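Accompanying notes for the structure given below.
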Amino acid sequence: MTRILMTGSLGQIGTELIALLRTKYGKENVIGTDLESPNEELEDLGPYQRLDVTDHTAIATAVELYNVDWLVHNASLLSASGERNPRLAMDVNIRGFEYAIEAAKEYNLRILTPSSMAAFGPSTPRLNTPDVTIMRPNTIYGVSKVYIELLGEYYHSKWGVDFRSLRYPGIISSGIMPEGGTTDYAVDIFYEALKQKTYECFLKPDATLPMMYMPDCLKGTLQLLEADNANLISRVFNVAAFSFSPGEIAAEIQIHIPDFEITYNPDFRQILAESWPQSLSDTNARAQWNWMPDYTLSMMVEDMLEKLAAKLEIEYLSGSE
Ligand code: AKB
């Protein structure tokens with residue numbers, strides 16, 4: 001049975017991905033790690049240990065201890081946190097990945113680590129952006145993602161390390177809140193729409209960005225993680241679902257909550273959003289490992305509102321019903 005170690009297992013994606021992997025591969029075969037100390041609740045879900053990816057021996061030690069085959073390296077600071085603390089972003093995103101890929105080489109692991117649409121920059125063509133194009137990001141988060149992609153490809157071509165990566169768009173989910181990203185608004189807006197019927201957005205109304213619903217993110221991540229190596233011509237893939245602006249998602253929410261109102265007070269994150277593509281081309285992912293999203297924007301909005309209303313115990317009747 002495959003054994004998997006995950007860093008960043010308490011993050012927005014990690015929490016849901018590790019639950020899925022534990023269902024598939026057995027709870028005892030998937031080891032979660034993050035900065036939080038172990039507690040009963042975490043250990044109930046499966047093996048868990050505290051791991052700081054900036055400690056240069058920590059990943060390799062855990063890999064050896066648990067005798068794993070795959071490493072899912074999620075630990076990362078997101079774009080807005082990175083701009084607030086570039087030094088920490090370099091330590092976590094860059095040094096952390098170097099230790100992870102070294103461990104993958106030494107212990108012959110398959111390694112999957114997320115990249116992001118933030119690997120693109122202001123000089124990248126913004127519409128239907130392909131996998132390989134101009135990549136000159138102007139955020140430390142984007143710089144770290146380009147570095148990860150190139151270093152992973154280098155380890156693959158030089159030493160045959162089975163490195164894989166998806167460039168996620170903004171991920172929307174009803175579970176753990178994202179933290180420190182620019183696309184976080186697209187999650188916050190649902191909570192505020194349900195709780196307050198009003199939301200002040202830190203991006204402009206027309207800041208269109210690629211986005212994806214968590215069930216598709218999990219499906220795609222699992223597909224690439226499990227894909228037959230022989231079918232992979234590339235190592236890094238754009239994945240796309242839909243794109244929207246704050247104005248458009250607000251209008252979609254208003255279909256269900258007609259008295260919801262959005263206001264705008266753009267901050268530094270608007271500059272970040274303006275430097276990223278508005279839509280991504282994912283033809284390589286579709287061709288090489290059959291990527292295909294299930295959720296449209298309207299399906300996602302309906303599902304998010306239902307799930308969050310239940311979670312927040314807010315009575316909510318869809319306006320479209
Ligand atoms: C962020 O907003 O920083 C992330 C990303 C685009 O990767 N969601």
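Just so you know, we're using the numbering used here here: the sequence shown kicks off at 1 and counts up by one. Note that beta-carbon positions come from the ideal geometry of N, C-alpha and C, so glycine has one too. The structure presented is a predicted model; accordingly, all values stated were derived computationally and were not measured.
8 Å Cβ cutoff met for residue i and residue j
i	j	result
E16	M214	yes
G8	S76	yes
I101	Y155	yes
R167	N238	yes
A193	F120	no
S165	R235	yes
Q49	M177	no
M135	G170	no
A62	L45	no
P293	A241	yes
L20	L203	no
Any non-hydrogen atom of ligand 1 closer than 7 Å to residue i Cβ
i	result
A118	yes
P178	yes
G8	no
Y107	no
T182	yes
S79	yes
Y147	no
G170	yes
Y185	no
Y141	yes
Residue from the options with nearest C-alpha to residue i
i	options	result
A230	M6, F163, T129	F163
D69	A103, Y154, T57, V92	A103
F244	I134, A186, Y264, D294	A186
G32	D52, E261, Q12, M6	M6
I262	E41, I94, D206	D206
G160	L232, L222, Y295	L232
L209	D184, L224, I314, T133	D184
E83	G170, M212, M211, L272	L272
L112	E106, E28, F97, S123	F97
L10	G26, N67, L42	L42
Q288	D34, G220, M135, A80	G220
I314	F242, E274, Y107, F190	F190
L218	N39, K24, R3	K24
S173	M304, P125, L222	M304
S144	H56, G180, R95	R95
T57	Y99, I18, S275	Y99
A80	E179, P125, A60	E179
Residues bridged to residue i [DSSP beta-bridge criterion]
i	result
R167	S115, N238
L5	I31, L71
S243	P210
L280	T129
Q49	T33
R84	Note: R84 sits in no beta bridge, so no partner.
Residue i at chain B interface by Cβ criterion, 8 Å
i	result
K145	Considering every chain present, this structure includes no chain B. It has just one protein chain.
Taking contact to mean at least 3 C-beta pairs separated by less than 8 Å, is the region 187 to 205 in contact with the region 277 to 292? no
Mind the definition here: the region 81 to 89 touches the region 128 to 147 only if three or more C-beta pairs lie below 8 Å; say whether that holds. yes
Is there contact between the region 113 to 127 and the region 305 to 316, where contact requires at least three CB pairs shorter than 8 Å? no
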